[in-house]
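Using the numbering used here, the first residue of the sequence shown is number 1, and each one after it goes up by one.
Beta carbons: idealized from backbone N, C-alpha and C, even for Gly.
All of these numbers come straight from a predicted model, not from anything done at the bench.
Contents: one structure, followed by commentary.
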Amino acid sequence: MKFKSLLLGLSLTLVPFLTQIAFAEEADTTKQLNKLARNITNDIFAYREGVKIGFRPFFKGETSLNPQAADKLYLQFYTALNKYKDFGEFHYIDQRHMKELLQAREEYYMANPTKLLEAAQADIEIICHPQSLANAIRLSCVASDLQNAITYSTREIEVPFDLQKEGATDYKYALENLALNLAPQVSDLHSTYRPVIVDMQSGRETELSQLLGNRLSGELQKQVGKIYKSALESYEANRVLNDALKPPAKLSQQYSLKGELNKTSVDVYELHVTLQNNGKIVTSGSRLIKASSLPKTEVTNVNHNLGQIFTATGEAIISDKLDADAARRGAINLARARAVSQASGLPAPAFEKIATEAEASLILLNSLKFGIPIKESIVDLAATNNGKNIAIELHAEVKAIGTKLSPTIQAKLNKTSYKAGDKIHINLSSAGHTNVGIYGWFADGSMIRIYPTKDQQAVALTKGRPLILPRPDEPQLMTAPMPIRGNKEDQEAIVIIASNEYFDFQSLAPRLGESINQTIEKAATAGDFFDRLGNMDLSRVSLTILPYQVHN
Numbered sequence: 001m002k003f004k005s006l007l008l009g010l011s012l013t014l015v016p017f018l019t020q021i022a023f024a025e026e027a028d029t030t031k032q033l034n035k036l037a038r039n040i041t042n043d044i045f046a047y048r049e050g051v052k053i054g055f056r057p058f059f060k061g062e063t064s065l066n067p068q069a070a071d072k073l074y075l076q077f078y079t080a081l082n083k084y085k086d087f088g089e090f091h092y093i094d095q096r097h098m099k100e101l102l103q104a105r106e107e108y109y110m111a112n113p114t115k116l117l118e119a120a121q122a123d124i125e126i127i128c129h130p131q132s133l134a135n136a137i138r139l140s141c142v143a144s145d146l147q148n149a150i151t152y153s154t155r156e157i158e159v160p161f162d163l164q165k166e167g168a169t170d171y172k173y174a175l176e177n178l179a180l181n182l183a184p185q186v187s188d189l190h191s192t193y194r195p196v197i198v199d200m201q202s203g204r205e206t207e208l209s210q211l212l213g214n215r216l217s218g219e220l221q222k223q224v225g226k227i228y229k230s231a232l233e234s235y236e237a238n239r240v241l242n243d244a245l246k247p248p249a250k251l252s253q254q255y256s257l258k259g260e261l262n263k264t265s266v267d268v269y270e271l272h273v274t275l276q277n278n279g280k281i282v283t284s285g286s287r288l289i290k291a292s293s294l295p296k297t298e299v300t301n302v303n304h305n306l307g308q309i310f311t312a313t314g315e316a317i318i319s320d321k322l323d324a325d326a327a328r329r330g331a332i333n334l335a336r337a338r339a340v341s342q343a344s345g346l347p348a349p350a351f352e353k354i355a356t357e358a359e360a361s362l363i364l365l366n367s368l369k370f371g372i373p374i375k376e377s378i379v380d381l382a383a384t385n386n387g388k389n390i391a392i393e394l395h396a397e398v399k400a401i402g403t404k405l406s407p408t409i410q411a412k413l414n415k416t417s418y419k420a421g422d423k424i425h426i427n428l429s430s431a432g433h434t435n436v437g438i439y440g441w442f443a444d445g446s447m448i449r450i451y452p453t454k455d456q457q458a459v460a461l462t463k464g465r466p467l468i469l470p471r472p473d474e475p476q477l478m479t480a481p482m483p484i485r486g487n488k489e490d491q492e493a494i495v496i497i498a499s500n501e502y503f504d505f506q507s508l509a510p511r512l513g514e515s516i517n518q519t520i521e522k523a524a525t526a527g528d529f530f531d532r533l534g535n536m537d538l539s540r541v542s543l544t545i546l547p548y549q550v551h552n
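This is how it looks when you write it as structure tokens:
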């Protein structure tokens, strides 16, 4: 049995008008968080009740949110979760206890899970990744069992939120201002090691991120130098009058400057950095930067032309939650999502590294609906952290989806987690006449066609007539973990392609077989599926992904 490690746990006349806006936004935030909490509660209650649940706090240095905003968001979602606890007779472990118990995320996954379980006494974990957007936060959450392989819920939502940030500014001013705020906390700084700023749209250092890191490092040394000079002048001026005065500490320490560059909208980047000494975060900060102010680089010069090659990396953490093969697949999915974000100019995925299979499937929800990677080339990079962190580099073109018209369909599975042999039902509806093709995306990365069958061209949806598949007179749809020795659970997905016009759904992947083994033998790779899809006109197409888990 795989062991699921702990991840705990989310003018005077203008004054009244502005207050009303603030209250309206606060109410909107509460409404959306309550909706997310209700959905997660329902997902868990479908399988468990009367259990202890841990909701993991957001840690300093792991999110670009300032500490006040992170604490506020966590408390608001913690309150929302508790609002529905009686529905499933759930008990949420006190948030203060969570903060005392938990360490940094990567250390946590490598820590002794038994001791952490004993300390927290939780049955189920909830982890949420907050991601800053232009005027909101995207919250990506996973709830899973601590004693077995079951993932109960994977949910994502965008909530309006007051991030208490200054507006976007020219990049030079933003870096000067950021250095001015960081410098007093590192007044003994002599120098920084080579800055490492990761561009989250590619998962690697880029010309732009290196430029910003080097310039910030220089600004920091300049600001610290000013502080030291002022302190030294004050000492020299007053030491005759006060023998007890001591000279300012010499600038002797070398700090690590690390950070992330996120694109929060088409016109705005967010730079978030930490300064570390001996492995500990001393201070952190973030600033918004106008994209138009940035110097021309390979990142800012992206023109999204057909045939342009995008490069992205993905990294995953091997642990009891994620074996080596699953980690590599997760890293590939992360790189795919980053490549699409580069091509579309949209925010990158919220995850820096993949730690669970549920995260690996969740990251694709918001990316593949805008575009798909085609003509992929994947290179395995050197593992780090004693082989526990694996990474890949992806080179691919990206084909945009729905650029002229994106059909609107509603799709939902009857469950988010299935036991081997459970029946899978797909609930579909549409605002108008739409043709759909439905495919299975297996844990090993292969793809199979479920609908249309060999006798169909497509499944037709009509306005006002919901459809549940399979139909009662059709063979039922079931799944099971991949038939590999010792494998007890997998993350899979249903992929739905919708078009208002004729579309060759059959050519994308072979039809599923009579058995699991036969289906596996016939299946196409995800890369082949995307390449075939990329050869078609996707301007009037939409793509929906419905992730689920299957376990013994």
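Asked	Found
Assigned secondary structure, Asn303 (DSSP; H/G/I helix, E/B strand, else coil)	Confidence is the limiting factor: at Asn303 the pLDDT is only 49, short of 50, which leaves the residue's position unreliable, though a coordinate-based value still follows. Note: Asn303 maps to coil in three-state DSSP.
Cβ-based neighbour list, Ala179, same chain, cut-off 8 Å, excluding 5 preceding and 5 following	Leu216, Glu219, Leu220, Lys222 and Gln223
Thr264 versus Arg138: straight-line alpha-carbon distance, rounded	11 Å
CA-to-CA distance, Ala411 to Asn427, given in whole angstroms	6 Å
Proximity below 8 Å, CB of Thr416 to CB of Gln549	yes
Ala143 versus Ala37 - alpha carbon distance	11 Å
Close beta carbons around Ile448, own chain, < 6 Å, minus the five adjacent residues each side	Gly440, Ala509, Leu512, Thr519 and Ala523
Contact set for Ser191: own chain, Cβ-Cβ below 6 Å, skip 5 residues either direction	Gln254
Stretch pair the segment 376-394 + the segment 227-244: three plus CB contacts closer than 8 Å	no
Reduced DSSP category for Pro130 - H, G, I as helix; E, B as strand; rest coil	strand
Residue range of the unbroken alpha helix (DSSP H) whose run includes Lys72	Pro67 to Lys83
According to DSSP, residues forming a beta bridge with Pro160	Ala136
Glu501 versus Ile127, His551 and Leu538, residue with shortest Cα-Cα distance	Leu538
Cβ shell of Thr479 (< 6 Å), same chain only, five flanking positions each side left out	Val550
Under the three-state DSSP convention, the category Tyr152 falls into	strand
Exposed unless 16 or more other CB atoms sit within 10 angstroms - verdict on Phe55	buried
Euclidean distance between Cα positions of Leu288 and Ser132	11 Å
Sheet register partners of Ser144 (DSSP bridge)	Glu125 and Thr151
As assigned by DSSP and simplified to three states, the class of Glu270	strand
Contact set for Ala331: own chain, Cβ-Cβ below 7 Å, skip 5 residues either direction	Gly314, Glu315, Ala316, Ile354, Ile390, Ala391 and Ile392
Exposure of Val266, with buried meaning 16 or more beta-carbon neighbours within 10 Å	exposed
Backbone secondary structure at Asp199 - three-state DSSP	strand
Proximity of Ala493 and Ile545 at Cβ, strictly below 8 Å	yes
Length of the line joining the Cα atoms of Glu107 and Lys388	Bear in mind that the predicted position of Glu107 carries a pLDDT of just 49, short of 50, making it unreliable; the figure below should be weighed with that in mind. Going from the Cα of Glu107 to the Cα of Lys388 covers about 12 Å.
Buried or exposed (CB count within 10 angstroms, at least 16 for buried), Leu212	buried
Cβ-based neighbour list, Arg239, same chain, cut-off 6 Å, excluding 5 preceding and 5 following	Leu245
Three-state secondary structure assigned by DSSP to Asp531	helix
Beta-ladder partner(s) of Gly285, from DSSP	Val273
For Gln518, the first and last residue of its enclosing alpha helix (DSSP H)	Ile516 to Lys522
Three-way DSSP call (helix, strand, coil) for Leu180 in this model	helix
Classification of Gly203 by the beta-carbon crowding that lies within 10 angstroms, buried from 16 upward	buried
Validate contact between the segment 335-348 and the segment 192-201 using beta carbons, cut 8 Å, 3 pairs	yes
Boundaries of the alpha helix (DSSP H) in which Ile227 is found, first to last residue	Glu207 to Asn238
4-residue-minimum alpha helix (DSSP H) runs that sit fully inside the segment 324-374, ordered along the chain	324-344 and 357-362
Completely contained beta strand (DSSP E) runs for the segment 392-422, where each covers 3 or more residues	409-413 and 417-419
Per-residue burial, Asp490 [other beta carbons within 10 Å of its own, 16 or more giving buried]	buried
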